[in-house]
Every structure is written in structure tokens, then in C-alpha cells.
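Numbering-wise, the sequence shown is residues 66 to 294 according to this note's numbering.
Using N, Cα and C, we set each Cβ at its ideal position, and we do this for glycine too.
To start, the structure under review is shown below, and the notes come after it.
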Amino acid sequence: ILLACVLGAAFYFNRRSNLPPEQVRLPQIAGKKTIAVMFFENQSNSMELEWLREGLADMLIANLSRSEKLTVLSRIQLHSLLERQGLAKDKITLEQAKEIARQSQAEYFMTGSFAKIGEKIRLDVSLYDSNLANLQATETLTVEKPEQILTEIDLLSLKISNRLNSPPTDKNNLASVMTDNLEAYRYYSLALEKAQALQNKEAVELLEKAVALDPQFALAHARIGYVYA
């Protein structure tokens, strides 16, 4: 029986590996614009801040998703598209970002970078029209202290959504729907990376650290259950 199970599993996964990858495409809904937010470039080359590559993108995704007029490519969907191109941990070039937007059928896409200057962190983002392949807008933000990132990202997201004529419907800020504790958010972001790599034990440990810092961090609690499931 054991041998039959092993052979059956091998046959199943061999067939699965020969199947074409599932398409990641944003639904095209009348009255809603589609956008993909790329992972940021770490121009400081600081490993301490490396988590912000995905973390900043995740913050923008969460904020932009609060608009009923926007459909946003999720962090997991973006990670899946990047993995297929072998770009999960690499800098995303403009041409690669255009290709990801094309594959996901995103009308717009955003690229970004960050750099640490003393205690300050400078963020630069660019918004592109995928169809015309031209630059629509640029925004620059300087955060005086790292712990202010969550608050400042709200302002940046509002500027971008207004550029798209898609202001947020939900008036709550990112801190109220996620957490106002940057260290808790860091653990949460790192946990998502671990979960994506199926390193579930490490993911749960990081999520537990996040909720220890902020017991009201509901999404971190929910992710613990998701990882176990």
C-alpha cells in the first residue's frame, strides 16, 4: 500500500510539473482600473532594511486596495510572476516591470526605490501607463524616522490614488487596519516571505512575534491560522 501511494504521488506531481503555469491575470471590471505595484529597489544595500523591498510594496498594495475603483495585483500574485521569471530576489528593471504588467493585464504599474540617508529614509516611486508605456507621475517622500513610515505611506498612497482618479473608499489609515508598530509589521512582512517559501514553522514564529508586539494586529492573527491551514 505504501509503495502504491509513493508511486501515485510521484505520478501526480510529475503530471503537475508538466502542466503550463496557471495564469495570473487581474479581472477586467467596468469602472475599475487595474494596477501592479512592483517590489522596491534597496539602493542602500542595507540588509537591515532589505525587508522593505517587499514590505513597502505590500503597504502600498494594502492602501490602494481600499479604493473601490482599483483592482490591485496582490503581493502573492506578484511573487508568483517574479518566480516564474527567476526574479524573486533581484532588482526589477523597467522592461521586466512592463512584462509583469502585461502578463497580469494591469493597466498601470508602479516601480519604487528607497535609500537611507542618516536616520532618514527617502522613497521614490514612479507610476506608468502599461498600454502607452510612458511615465504618468513621480512622487518622492522623505521619512524623518523609520517608525514614521506607516503614516507617511498613507499620504503617498493617497497621492497615487488621486492621480488615478480613484480615491480610497475606506477612510481608515493603514495603521488602523494593519498595525501602527513598524517592528510588528516587519515581522509580518518577513513571515509572508517565509510562508511563500513554504517555511511554515518560521512563518508562524515571526507572526507570533508580530502579535506579541501588537495584540490588536488582526491580520497577523489571521495569517497564523492561514499558515496552519
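Look up residue i in the DSSP assignment and say whether it is helix, strand or coil.
| i | result |
| --- | --- |
| alanine 287 | helix |
| isoleucine 126 | helix |
| asparagine 110 | coil |
| threonine 136 | strand |
| isoleucine 165 | helix |
| valine 190 | strand |
| lysine 156 | coil |
| proline 86 | Here proline 86 scores only 46 on pLDDT, less than 50, and its place in the model should not be relied on; the value that follows carries that caveat. It is coil, neither helix nor strand. |
Does the ligand GDP have a heavy atom nearer than 7 Å to the CB of residue i?
| i | result |
| --- | --- |
| lysine 163 | No copy of the ligand GDP occurs in the structure displayed, which carries no ligand at all. |
What are the start and end residues of the beta strand (DSSP E) that includes residue i?
| i | result |
| --- | --- |
| serine 178 | 173-182 |
| valine 42 | Any question about residue 42 goes unanswered here, given that the chain covers just 66 to 294. |
| aspartate 219 | Unbroken run through aspartate 219 is the alpha helix (DSSP H), 214-228; no beta strand (DSSP E). |
Would you please state the rounded distance, in angstroms, between the beta carbons of residue i and residue j? I believe it to be under 8 Å.
| i | j | result |
| --- | --- | --- |
| lysine 134 | lysine 181 | Their Cβ separation, rounded to whole angstroms, is 34 Å, which puts lysine 134 and lysine 181 out of contact at 8 Å. |
| leucine 271 | lysine 259 | 6 Å |
| methionine 103 | alanine 122 | 7 Å |
| glutamate 204 | lysine 156 | Contact flag wrong, Cβ pair sits at about 20 Å. |
| valine 292 | valine 269 | 5 Å |
| glutamate 172 | threonine 99 | 5 Å |
Between the Cα of residue i and the Cα atoms of the options, which residue gives the shortest distance?
| i | options | result |
| --- | --- | --- |
| alanine 262 | Leu125, His144 and Ala166 | His144 |
| alanine 283 | Met175, Thr244, Leu271 and Thr205 | Thr244 |
| glutamine 88 | Leu138, Asp219, Val102 and Ala287 | Leu138 |
| lysine 129 | Asp219, Ala95 and Ile289 | Before going on, a small fix: residue 129 reads as leucine here, not lysine. It is Asp219. |
| phenylalanine 174 | Glu184, Lys163 and Gly183 | Lys163 |
| alanine 198 | Leu159, Ile141 and Thr136 | Leu159 |
| isoleucine 165 | Gln213, Arg118, Arg90 and Leu221 | Arg90 |
| phenylalanine 179 | Gln170, Gln213, Thr207 and Gln150 | Thr207 |
| glutamine 108 | Val276, Gln281 and Gly177 | Gly177 |
| alanine 95 | Gly183, Arg131, Thr136 and Asp279 | Thr136 |
| leucine 147 | Gln168, Glu212 and Arg288 | Gln168 |
| lysine 289 | Asn265, Leu278, Ile214 and Asp279 | The amino acid occupying residue 289 in the given sequence is isoleucine; lysine does not appear at that position. Selected option, being the one with the closest Cα: Asn265. |
| threonine 14 | Glu115, Met124 and Arg131 | The structure shown has nothing for residue 14, since the chain only spans 66 to 294. |
| glutamine 142 | Gly151, Ala285 and Ala101 | Ala101 |
| arginine 118 | Pro92, Arg131 and Leu188 | Leu188 |
| glutamate 115 | Ile186, Glu273 and Leu278 | Ile186 |
| glycine 183 | Gln170, Lys210 and Tyr193 | Lys210 |
| proline 92 | Ser195, Ser191 and Gln170 | Gln170 |
| leucine 221 | Gly151, Ser111, Ser191 and Glu113 | Ser191 |
| serine 132 | Arg149, Gln150 and Asn230 | Asn230 |
| arginine 140 | His286, Ala256, Gln281 and Glu273 | Ala256 |
Just reading off the alpha helix (DSSP H) that residue i is part of, what are its end residues?
| i | result |
| --- | --- |
| asparagine 199 | No alpha helix (DSSP H) contains asparagine 199, which is instead part of the beta strand (DSSP E) from 199-208. |
| alanine 275 | 265-278 |
| glutamine 261 | 247-261 |
Sufficient close CB pairs (3 or more, under 8 Å) joining the stretch 220-230 to the stretch 249-266: The stretch 220-230 is not in contact with the stretch 249-266.
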